[in-house]
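Trainee: Structure provided below as structure tokens; questions to follow.
In the numbering used here, the protein residues as written are 117 to 636.
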């Protein structure tokens, strides 16, 4: 069915020039491996400064629409002259080495890491308990760390009713396991077709099949070479980092795993196959609109606390911006020159998260006169609660209320053939580095070959994790809305006092209600 955008008025981004100061920055990112040697081109390794004119429009060269605190709406224009050639960065020479010599008699395994999700409404509360019991989600002061599990139990019980409503609206549970299992099977088939007889395993962080379960199966199968592949295109401390920390603790405690050769693909957002697969989906959805050229492409990424990026050096924001530049560059090759923007969703708690926020950006776009919008869930490769409920229901409703008349949404990649084939290539390209210390290998870094072991990656990406504020505050009970800061602090103090009394005395209403039965 075609979507009729209608005539866009004179204030829409496609026809109006917006003013941008010389201090504005266009996030045209160079690959991190090259940034250190190209200071004059990219400064801090994130932005190029000399690209902004004071009166820019969609048809002006090197342009950006909106600056300052407004949503970062871009008009796609050629960016090749600002980027070093990327083909060498996304194509490994490992394919020139006979695959048989890379494998030998080794048993190769691939471990896919993902978040996990409740499969039934009865799973919601225990899933939430596992989520909030993770110190990366709720970080308590050292003095109160013994309260981690009691607090997780309290919050999960409090949040479960609202969360169940969300899962009920998408069919009674998350489809994440089903989709991830399908991706694993398609990846296995692709590897076998490429003459790599590998087994593929799924390890979820917060629900079945847990990472620990996958590791036990890997041991039973006698795997000797393991490629760890988080299903997050961009690396973040809170996603890939959390899964890798768990994996590190499992490896450290197991004699078999200590001696097993492994490597990690920390992120793969630059890979040519992934970029082409995303461009394929976007192009297909644009064709459902009557006037595809007038549609704003709206990339919505999962947010992270700002402190992760500014204080701990989380590369997530830089990788996300570079990823979008590469996708838009691919679309440009296909003569798709739509305006686009990036925002971050799913913030929780009163701490500041990456901006601009998706909900605020949608409202602002409506005020600016945008009539047709195509949402692209850029940090997700599978459908789950944040695409099916948050984007498809909450944000769509907000967009229509804000004056946006036509709404479309690009599906998650799922088992898209180009995407799966490219993941298989990434695994094959990583095989020469299984067990190798490749962190300081510049050639490996430039070909985007996985670098080093779990422990090495965590040392690189997560030096200051324990100094950061928790991304989810203990007083935040709502679905995605935050409480006022001071009221929240008072509530946090009250909760902590209550839990201390409950734990130390073994009495109280939490025990009477059966919320803390394990402390009797």
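Each residue gets a CB set at the ideal place from its N, CA and C atoms; glycine is no exception.
So residue 316 packs on residue 304, CB below 8 Å; how close in whole Å?
Mentor: About 4 Å separates the CB atoms of residue 316 and residue 304; that is less than 8 Å, so the two are in contact.
Trainee: Output the distance between the C-alpha atoms of residue 507 and residue 450, rounded to the nearest integer angstrom.
Mentor: Going by the C-alpha atoms only, they are around 27 Å apart.
Trainee: Between which two residues does the alpha helix (DSSP H) harbouring residue 537 extend?
Mentor: 533 to 546
Trainee: Using a Cβ-Cβ cutoff of less than 6 Å, which residues in the same chain neighbour residue 347 once the five nearest sequence positions on both sides are dropped?
Mentor: 228, 230 and 497
Trainee: Just the C-alpha distance for residue 424 and residue 514, rounded to the nearest angstrom, thanks.
Mentor: 28 Å
Trainee: Check residue 231 in the structure and name its three-state DSSP category.
Mentor: coil
Trainee: Excluding the five sequence neighbours on either side, which residues of its own chain have a C-beta within less than 7 Å of the C-beta of residue 241, listed in chain order?
Mentor: 272, 273 and 276
Trainee: From the DSSP output, which residues share a beta bridge with residue 416?
Mentor: Looking at the DSSP assignment, residue 416 forms a beta bridge with 459 and 493.
Trainee: Confirm, please, whether the CB-CB distance from residue 265 to residue 249 is below 9 Å.
Mentor: Between residue 249 and residue 265, the C-beta gap is smaller than 9 Å, which places the two residues in contact.
Trainee: Just to confirm before moving on: does the CB-CB distance between residue 246 and residue 232 stay below 9 Å?
Mentor: Less than 9 Å divides the Cβ of residue 246 from the Cβ of residue 232.
Trainee: Roughly how many angstroms separate the alpha carbons of residue 546 and residue 325, rounded to a whole number?
Mentor: 25 Å
Trainee: Between which two residues does the beta strand (DSSP E) harbouring residue 524 extend?
Mentor: 522 to 525
Trainee: Is residue 504 helix, strand or coil by DSSP?
Mentor: helix
Trainee: Beta strand (DSSP E) containing residue 317: first to last residue?
Mentor: 315 to 320
Trainee: Is it true that the region 409 to 424 meets the region 456 to 476, where meeting means three or more beta-carbon pairs spaced less than 8 Å apart?
Mentor: With the cut-off at 8 Å, the region 409 to 424 and the region 456 to 476 touch.
Trainee: Going by alpha carbons, who is nearest to residue 416 out of 257, 311, 309 and 463?
Mentor: 463
Trainee: Report the option in 413, 388, 362 and 504 whose CA atom is closest to the CA atom of residue 399.
Mentor: Out of 413, 388, 362 and 504, 413 has the C-alpha closest to the C-alpha of residue 399.
Trainee: Taking 8 Å as the line, does the beta carbon of residue 542 fall inside it for any heavy atom of the ligand SAH?
Mentor: By its list of ligands, the structure shown contains no ligand whatsoever, and the ligand SAH lies outside what it can speak to.
Trainee: State whether the region 443 to 460 contacts the region 351 to 368, with contact taken as three or more CB pairs (one from each stretch) at a distance under 8 Å.
Mentor: Contact fails: fewer than three Cβ-Cβ distances are below 8 Å.
Trainee: Would you give the residue range spanned by the alpha helix (DSSP H) that residue 266 belongs to?
Mentor: 264 to 284
Trainee: I'd like to check one pair, residue 534 with residue 338: are the Cβ atoms closer than 9 Å?
Mentor: no
Trainee: Looking only at its chain, what residues have a beta carbon closer than 6 Å to the beta carbon of residue 543, apart from the 5 residues adjacent to it on each side?
Mentor: Around residue 543, the same chain offers 226 and 343 as residues with beta carbons nearer than 6 Å, after the five sequence neighbours per side are excluded.
Trainee: Sorted by chain position, which residues of the same chain lie with C-beta nearer than 8 Å to residue 293's C-beta, five sequence neighbours on each side aside?
Mentor: These residues qualify, in order along the chain: 232, 233, 235, 318, 320, 323, 324 and 325.
Trainee: In whole angstroms, give me the CA-to-CA distance for residue 373 and residue 482.
Mentor: 53 Å
Trainee: Within its chain, find whatever has a CB closer than 6 Å to the CB of residue 519; leave out the 5 residues flanking it on each side and keep chain order.
Mentor: 482
Trainee: Go ahead and label residue 426 buried or exposed: buried means 16 or more other beta carbons lie within 10 angstroms of its beta carbon, across all protein chains shown.
Mentor: exposed
Trainee: Measure the C-alpha to C-alpha separation of residue 410 and residue 443 and round it to an integer number of angstroms.
Mentor: C-alpha separation (whole angstroms): 18 Å.
Trainee: On a CA-only basis, which of 253, 394, 430 and 461 is nearest residue 445? Give me that one, please.
Mentor: 394
Trainee: Quick one: what's got a C-beta closer than 8 Å to residue 501's C-beta in the same chain, skipping five residues either side?
Mentor: Scanning its chain for C-beta atoms nearer than 8 Å, with the 5 sequence neighbours on each side dropped, one finds around residue 501 the residues 233, 282, 283, 286 and 290, in chain order.
Trainee: Measure the C-alpha to C-alpha separation of residue 475 and residue 379 and round it to an integer number of angstroms.
Mentor: 38 Å
Trainee: Closest by CA to residue 434, which one among 477, 405 and 386?
Mentor: Nearest C-alpha to residue 434: 386.
Trainee: Would you call residue 259 buried or exposed, if buried means 16 or more other Cβ atoms sit within 10 Å of its Cβ?
Mentor: Under the 10 Å beta carbon count, residue 259 is surrounded by fewer than 16 other beta carbons and is classified as exposed.
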